[in-house]
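Let me begin by presenting the structure, written as structure tokens, before commenting on it.
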Amino acid sequence: MKIAVALIALVLLAPAIARAGSSPPHVGIVTGAGSHGGGLAGLGASLFAANCSSCHGALGQGVPEPTKGAGGVIGQGPPLRGVGALAADFYLRTGYMPLKDPRAQPSRSRVLFTDREIRAMVAYVASLGPGPAIPHPQPQLGSIAAGQKLFTQSCAGCHQIAIEGGYVTGARVPPLEDASSRQIAQAVRIGPYVMPKFSSTQISAAQLNDLIAYVQYAKHPDDRGGWGIGHLGPWPEGLVTWLIAIGALVCVCLLFGKRLKS
Amino acid sequence: MTKLKDWLVAGTVLLLGRRERERGPERQPIVAAGAPNHRAENVLLLLFFLVTLAAAAFIAVYALDRLSNQTQWLGLALGGSFCLLAAACLVIAKHLVVTEELAEPYPERESPCAQGEIEQIVHESGSRFTRKRLVTLAGSGALGALGLAALVPAASLGPVLDTDSLYTTPWRKGRRLVDDAGKPFAVADVREQTFYTAYPEGADRELIGAPLVVVRLPPGELKERRSWAPHGIVAYSKICTHAGCAIALYRKPTFAPTQPRPALVCPCHYSTFDPADAGKVIFGPAGRALPQLPLLVDRKGELRAAGNFSGPVGPSWWGVRMGKARS
Chain A
1 MKIAVALIAL
11 VLLAPAIARA
21 GSSPPHVGIV
31 TGAGSHGGGL
41 AGLGASLFAA
51 NCSSCHGALG
61 QGVPEPTKGA
71 GGVIGQGPPL
81 RGVGALAADF
91 YLRTGYMPLK
101 DPRAQPSRSR
111 VLFTDREIRA
121 MVAYVASLGP
131 GPAIPHPQPQ
141 LGSIAAGQKL
151 FTQSCAGCHQ
161 IAIEGGYVTG
171 ARVPPLEDAS
181 SRQIAQAVRI
191 GPYVMPKFSS
201 TQISAAQLND
211 LIAYVQYAKH
221 PDDRGGWGIG
231 HLGPWPEGLV
241 TWLIAIGALV
251 CVCLLFGKRL
261 KS
Chain B
263 MTKLKDWLVA
273 GTVLLLGRRE
283 RERGPERQPI
293 VAAGAPNHRA
303 ENVLLLLFFL
313 VTLAAAAFIA
323 VYALDRLSNQ
333 TQWLGLALGG
343 SFCLLAAACL
353 VIAKHLVVTE
363 ELAEPYPERE
373 SPCAQGEIEQ
383 IVHESGSRFT
393 RKRLVTLAGS
403 GALGALGLAA
413 LVPAASLGPV
423 LDTDSLYTTP
433 WRKGRRLVDD
443 AGKPFAVADV
453 REQTFYTAYP
463 EGADRELIGA
473 PLVVVRLPPG
483 ELKERRSWAP
493 HGIVAYSKIC
503 THAGCAIALY
513 RKPTFAPTQP
523 RPALVCPCHY
533 STFDPADAGK
543 VIFGPAGRAL
553 PQLPLLVDRK
563 GELRAAGNFS
573 GPVGPSWWGV
583 RMGKARS
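One line per chain: the protein sequences are A and B, in this order.
Letter by letter, the first sequence follows residues 1 to 262 in my numbering.
Letter by letter, the second sequence follows residues 263 to 589 in my numbering.
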């Protein structure tokens, strides 16, 4: 009996063991390990050519019209000259890029590249043209109160004051729970997808620290009521109130009323 | 006004006339009147009085409009009024309505005469009230006060007859646009792909016609009113024409060919306006275009208004299409 169980288990596990042994590259990206020379720069160039060039052009010049590229992928995308390390680091480390379909909205997903591969690609994109470097915000210097005011003015319309995200016509607005300080600083300057971008004359580096300090606070807000109900605002709160109130009303009816005996 | 007077006169005549009406011949009661319960009745009268008082308190708090914690007081007054009304209903049900449980086999057949008798029994056994008129008066007073309290907040919906103030805005030709900190907008500092909030210099920012949303578009993309938009900079009222929320969303594509085109979006109900096409509604419940403010650039390169809005600012009302925005 024991042998039979072990055999069944082996049969069931066999495909998994086989996969673990061969470890093919992840679906959706081409890592091309070992097929390049020239260290980090060479790795960046080859990874860019394999994963980005269909939509952004072989030299990052952009593809304005839908064009059939490598592997039959129909690519179309903006130029990357001058976007700098700031944008490349943001899009790769959030998993926004590479994008499955050039018309889809980029969204946060699992990062399939290793840290070294990302550094290589970021360096390559930065070498395409002069652009902003990766920012290093210091939210510990920021004021949460000032940040909340700024967030209300410029961000809460879409992202909600509770950073839960939502919708704008034609696009989803991501929640900011998983956004790191650096990614927030980058997104403010880039304006990914349909988000407006904010220059340093609109939101200074110091104000950016305030803003990030608020977002970091809002990830774990101080719920004085004890129960945030998802921080989704008055709708679920009202719903819960109604449910509790209806329960209470039924109890009151049972207390005062008299059941008719038949 | 004369109509109102007619109604009042008619109402008074009806009320007075009711008393004079001749009663039909008294019927012999079958059931003796229920045992009166003066204590319960007094409690009921007191409760009705308190309901009236609480509802009146709601109206008073609303009309005063300068108490601290006004919302809480309003809630307390209205909620208390409803709770007291519920208590009054309980007192009636528990102590003042005669309850009697009878089980009887269904009778064979009823003659109309016997039917009338049963109706009479039901009618007579329904009440233990001794001061019926007083209770009715107190009850209708309580309900009337509650109804009035529920109606009074409609006064906040805005002026009904005198709508002049709804057309006026602080903008006029030559008034400078300033930002949150009071700094004027230099044309060179206004960038594309972002949005700015602007206010009239030296005017009350809290006025509904004051705040603007300013965006810069490539001048070639403007479909209408190009002369209103120097260097492609357009200014619209920041107040949505649907429900009066602030237009806090500016949707702009990073890469135009594959992404939604630029639009101003209201976060409340997703009314979406096209900044390149005179603020026309392209999605959502708003009923009319966002009012646009014509702009000009002065000799110092700063933005100024070149006139007033293209239409009345703010949420729509019954006369919104009958007038123009004025200073």
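Cβ coordinates follow ideal geometry from the N, Cα and C atoms, glycine included.
A quick note: this is a predicted structure, and the numbers were derived from the prediction, not measured.
Candidates A:LEU43, A:ALA248, A:GLY95: which alpha carbon is nearest GLN105 of chain A's?
A:GLY95
LYS514 of chain B touches chain A at which residues, Cβ-Cβ below 9 Å?
GLY191, VAL194, MET195, PRO196, LYS197
Which runs of the alpha helix (DSSP H), 4 residues or longer, sit entirely within the segment 151 to 199 of chain A?
If we require 4 residues or more, the alpha helix (DSSP H) runs fully inside the segment 151 to 199 of chain A come out as 156 to 159, 181 to 190.
Roughly how far, in whole angstroms, is the beta-carbon of SER343 of chain B from the beta-carbon of ALA322 of chain B, given that I think they are within contact range, below 8 Å?
Actually they do not touch by this definition, with Cβ atoms about 12 Å apart.
Could you round the C-beta distance between GLU564 of chain B and ARG438 of chain B to whole angstroms and report it? I think they count as a contact, below 8 Å.
Confirmed, Cβ separation roughly 6 Å.
Give me the chain A residues within the contact set of LEU352 of chain B, using Cβ-Cβ distance strictly less than 7 Å, ordered along the chain.
What LEU352 of chain B touches in chain A: PHE256.
In the segment 297 to 348 of chain B, which residue ranges form an unbroken alpha helix (DSSP H) of at least 4 residues, counting only runs that do not cross its ends?
300 to 326
Would you tell me roughly how many angstroms separate the C-alpha atoms of GLN183 of chain A and VAL63 of chain A, rounded to the nearest one?
26 Å
Tell me the DSSP bridge mates of LYS68 of chain A?
According to DSSP, LYS68 of chain A shares a beta bridge with A:ILE74.
Short of 8 Å Cβ to Cβ, which residues in the segment 171 to 182 of chain A face chain B?
Residues passing the 8 Å Cβ filter: ALA171.
Okay, do the segment 209 to 218 of chain A and the segment 140 to 156 of chain A touch, 3+ Cβ pairs below 8 Å being the bar?
yes
For a contact defined as C-beta to C-beta under 8 Å, what are the partners of THR520 of chain B on chain A?
GLN76, GLY77, PRO102, ARG103
Using three-state DSSP, classify LYS542 of chain B as helix, strand or coil.
strand
Assuming the contact rule is C-beta atoms closer than 8 Å, VAL476 of chain B and ALA460 of chain B should be a hit. Round their C-beta distance to whole Å, please.
Indeed, because the Cβ distance is near 5 Å, the residues count as touching under 8 Å.
Are there 16 or more other CB atoms within 10 angstroms of the CB of MET584 of chain B, so buried, or fewer, so exposed?
exposed
Against PRO481 of chain B, what residues of chain A qualify as contacts under a CB-to-CB distance less than 9 Å, listed in chain order?
Here the premise fails: no neighbours, minimum Cβ distance about 19 Å.
Hey, could you find the ends of the alpha helix (DSSP H) PRO234 of chain A is sitting in?
Looking at the DSSP string, the run of the alpha helix (DSSP H) that includes PRO234 of chain A is 234 to 256.
When the cut-off is 8 Å and only beta carbons count, does SER64 of chain A lie next to chain B?
Note that residue 64 of chain A is Pro in the sequence shown, not Ser. Chain B contact via Cβ: present.
What is the DSSP secondary structure of PHE90 of chain A, counted as helix, strand or coil?
helix
Classify HIS56 of chain A as buried or exposed, calling it buried when 16 or more other Cβ atoms lie within 10 Å of its own Cβ.
buried
Alpha carbon to alpha carbon, what distance is there between GLU237 of chain A and ILE229 of chain A?
7 Å
Quick one: does TYR461 of chain B have its CB under 8 Å from some CB of chain A?
At a cut-off of 8 Å between beta-carbon atoms, TYR461 of chain B makes no contact with chain A.
If contacts are defined as beta-carbon pairs under 8 Å, then ILE544 of chain B and ALA525 of chain B qualify, I think. What distance do you get, rounded to the angstrom?
Indeed they touch by this definition, with Cβ atoms about 7 Å apart.
Looking only at its own chain, which residues have a Cβ that is under 7 Å from the Cβ of GLY409 of chain B, when we skip the five neighbours before and after it?
The same chain holds no residue with a CB closer than 7 Å to that of GLY409 of chain B once the five nearest residues on each side in sequence are set aside.
From the beta carbon of ASP451 of chain B, is the nearest beta carbon of chain A less than 8 Å away?
yes
Using the beta-carbon count (16 or more within 10 Å), is GLU117 of chain A buried or exposed?
buried
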